[in-house]
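Quick note on numbering: the sequence shown equals residues 12 to 290 in our numbering.
The C-beta atom is built at its ideal place from N, Cα and C for all residues, glycine as well.
All values derive from a computational prediction rather than experimental measurement.
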Amino acid sequence: MNAIRRGLGSGLVQAFLVVIGLVWLTPLAGLFLSSLRSAGDTARGGWWTALADPGRLSFDNYTALLKNAGITQAFWNTVLISVPATTLVVVIAALAGYAFAWLDFPLREPLFLLVVALLVVPVQIGLLPVAKLFGALGLFGTIPGVVLFHVAYGLPFAVFLLRNYFAEMPKEMLEAARMDGGSEWRIFTRLVLPVGRPAIASLAIFQFLWVWNDMLVALLFADSSAQPLTVQLQSQIRQFGSNIDVLAPGAFLSLIVPVVVFFAFQRHFVQGVMAGSVK
Numbered sequence: 012m013n014a015i016r017r018g019l020g021s022g023l024v025q026a027f028l029v030v031i032g033l034v035w036l037t038p039l040a041g042l043f044l045s046s047l048r049s050a051g052d053t054a055r056g057g058w059w060t061a062l063a064d065p066g067r068l069s070f071d072n073y074t075a076l077l078k079n080a081g082i083t084q085a086f087w088n089t090v091l092i093s094v095p096a097t098t099l100v101v102v103i104a105a106l107a108g109y110a111f112a113w114l115d116f117p118l119r120e121p122l123f124l125l126v127v128a129l130l131v132v133p134v135q136i137g138l139l140p141v142a143k144l145f146g147a148l149g150l151f152g153t154i155p156g157v158v159l160f161h162v163a164y165g166l167p168f169a170v171f172l173l174r175n176y177f178a179e180m181p182k183e184m185l186e187a188a189r190m191d192g193g194s195e196w197r198i199f200t201r202l203v204l205p206v207g208r209p210a211i212a213s214l215a216i217f218q219f220l221w222v223w224n225d226m227l228v229a230l231l232f233a234d235s236s237a238q239p240l241t242v243q244l245q246s247q248i249r250q251f252g253s254n255i256d257v258l259a260p261g262a263f264l265s266l267i268v269p270v271v272v273f274f275a276f277q278r279h280f281v282q283g284v285m286a287g288s289v290k
């Protein structure tokens with residue numbers, strides 16, 4: 012009887028998770044079908060009507076999208092912003108997190124408290140001062156300026172996360188490595204980074220999704236030649252409110268990349284979330 016109850020409970024849980032997954036994927040499926048429909052078909056009915064006549068779906072909208080210089084340039088701008096901003100944050104935070112966790116240096120605790128204090132600073136507070144600073148440095152309106160802003164505001168959380176994760180590693184493991192003659196750099200690269208892979212992967216996913224989907228920072232700091240996809244799509248909506256044949260595939264392209272990244276690293280993401288929950 013207990014085995015039956017456990018099986019029933021497990022089945023109900025799995026069914027519930029399947030329903031939640033389908034609900035979560037419905038907007039993505041709807042956007043994909045909309046991106047395959049003509050503007051006339053979209054005007055006549057919702058995306059679900061395409062299921063009754065799938066023969067009318069085509070990839071013509073994506074062909075037209077590739078010929079849209081503004082959208083394609085915005086896509087590559089988004090890549091040029093998101094990849095460096097994610098990489099720099101992960102690398103710097105990993106180095107700083109290891110230093111705060113296991114290295115002794117002057118003012119270590121006050122500096123870490125300063126990092127924690129920066130977590131409560133809203134992005135909006137820094138927009139105007141940083142804009143003036145970037146204007147003086149010649150970075151305003153450029154891709155490097157947008158990248159630097161994302162790196163600066165992503166580092167406090169990243170350092171806090173990785174420092175706490177690295178600090179949970181067994182002290183004896185690091186001491187044994189030092190006794191065997193391992194340098195701090197070798198310990199960091201050969202021991203700490205492999206063990207901290209789940210937390211690093213989780214951080215990379217969070218940072219990439221935040222930067223890829225950002226519009227506020229890019230709207231202020233990027234000029235027309237450096238605009239990412241989010242700003243370009245918003246501009247398309249404002250200028251051509253009815254061009255769904257361009258907006259739908261562009262929006263799907265903007266959405267599918269983070270989804271692919273998430274599912275590619277979901278195993279590490281789950282490990283990072285669950286790390287420390289079970290001793």
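{"query": "Excluding sequence positions up to five away, which residues of its chain have a Cβ less than 7 Å from the Cβ of V141?", "result": "F160"}
{"query": "Buried or exposed: where does P181 fall if 16 or more other Cβ atoms within 10 Å of its Cβ makes it buried?", "result": "exposed"}
{"query": "List the whole-angstrom C-beta distance separating V100 from G57, where the pair is believed to meet the contact cut-off of C-beta under 8 Å.", "result": "Not a contact, Cβ separation roughly 40 Å."}
{"query": "Along the chain, where does the alpha helix (DSSP H) containing P140 start, and where does it finish?", "result": "V134 to L148"}
{"query": "When you compare the CB of L47 with every CB in chain D, is at least one pair closer than 7 Å?", "result": "No chain D appears in the structure shown, which is made up of a single protein chain."}
{"query": "Hey, would you say L46 sits closer than 7 Å to P239, going by beta carbons?", "result": "Going by the sequence as given, residue 46 is Ser instead of Leu. Going by C-beta atoms, S46 is not nearer than 7 Å to P239."}
{"query": "With burial defined as no fewer than 16 other Cβ atoms inside 10 Å of the residue's Cβ, what is the status of P121: buried or exposed?", "result": "exposed"}
{"query": "From the DSSP output, read off the bridge partner residues of A233.", "result": "G152"}
{"query": "Taking the alpha helix (DSSP H) that M180 falls in, what are its first and last residues?", "result": "Neither: M180 is in no alpha helix (DSSP H) and is coded neither H nor E."}
{"query": "Would you please state the rounded distance, in angstroms, between the beta carbons of W221 and V268? I believe it to be under 8 Å.", "result": "That belief does not hold up - the Cβ atoms of W221 and V268 are roughly 14 Å apart, past 8 Å."}
{"query": "Quick one: give me the first and last residue of the alpha helix (DSSP H) that N88 is part of.", "result": "A80 to W113"}
{"query": "Grab me the residues of V170's own chain with a C-beta within less than 6 Å of its C-beta, minus the 5 sequence neighbours each way, in chain order.", "result": "A104, A107, G108 and V126"}
{"query": "Which whole-angstrom value describes the C-beta separation of L173 and I211, a residue pair presumed to lie in contact below a C-beta threshold of 8 Å?", "result": "7 Å"}
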